[in-house]
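K.L.:
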Amino acid sequence: MSGPDWRAALDASGVLRRLACFDPHVAGTFPLGLAVPGSDIDVLCHAPDADAFAAALWEGRGDFDHFAMWQWKRADRPVIATFRVAGVPFEIFGQARPVREQHGWRHFWVEKRLLRLGGEDLREAVMTVRRQGAKTEPAFAQVLGLEGGPYRAMLDLEDLDDAGLLDVLKVKGSPGG
810 MSGPDWRAAL DASGVLRRLA CFDPHVAGTF PLGLAVPGSD IDVLCHAPDA DAFAAALWEG
870 RGDFDHFAMW QWKRADRPVI ATFRVAGVPF EIFGQARPVR EQHGWRHFWV EKRLLRLGGE
930 DLREAVMTVR RQGAKTEPAF AQVLGLEGGP YRAMLDLEDL DDAGLLDVLK VKGSPGG
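Its first residue numbered 810, the sequence shown is counted upward by one per residue in the working numbering.
Here it is in structure tokens:
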């Protein structure tokens with residue numbers, strides 16, 4: 810699914826308005842044009858007060874189908890909520906660190922840059938792997954021939970300038986390079 814369907818669901822959810830004080834950012838496969846059936850709309854939030862964030866999510870739950878919320882046990886204890894609006898799945902992630910420092914945003918940003926540089930050939934190569942069931946970061950890592958864990962490997966690319974990313978695209982023999 811792409812185009813107006815996910816945007817309409819996002820608008821209908823009202824989550825950007827409801828969570829405005831948590832600096833929400835839409836990330837993930839929909840804005841990248843890499844969604845496959847079952848993809849969700851990812852909204853990343855800066856939630857230094859996990860209880861306040863959870864309360865804000867809980868307050869709006871009546872508008873959402875299949876609402877679920879939980880909190881991780883790791884150090885900064887992010888809060889995650891999932892639900893559906895207009896049949897489209899959502900995942901809301903609130904973490905104490907600012908959105909631009911969160912791994913999800915950092916992955917999104919480097920993927921966006923790679924797609925801009927690699928063009929439609931790179932997008933189609935990643936989509937081919939995604940259609941086979943791969944998550945986004947592993948799909949990019951496979952297409953680019955990156956070594957090691959795909960999530961770390963993608964983060965390792967974020968400090969490269971465009972020339973460096975073009976070198977990765979060329980060296981790895983990926984489409985668009």
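Virtual Cβ for every residue (Gly too), placed ideally from N, Cα, C.
Could you check the C-alpha separation between Asp970 and Val977 for me, to the nearest Å?
P.N.:
About 11 Å.
K.L.:
DSSP state of Gly928, grouped into three classes?
P.N.:
helix
K.L.:
Helix, strand or coil for Phe862 per DSSP?
P.N.:
helix
K.L.:
Would Ala865 be called buried (16 or more neighbouring beta carbons within 10 Å of its own) or exposed?
P.N.:
buried
K.L.:
CB Ala844 to CB Trp881, shorter than 8 Å?
P.N.:
no
K.L.:
Are the Cβ atoms of Ala950 and Arg939 separated by less than 8 Å?
P.N.:
no
K.L.:
From the DSSP output, in three-state form, read off Leu955 for me.
P.N.:
Three-state DSSP puts Leu955 in coil, outside helix and strand.
K.L.:
Tell me which residues share the same chain as Leu966 and place their Cβ nearer than 7 Å to its Cβ, disregarding the 5 neighbours each side in the sequence.
P.N.:
The answer, listed in chain order, is Val919, Leu974, Val977.
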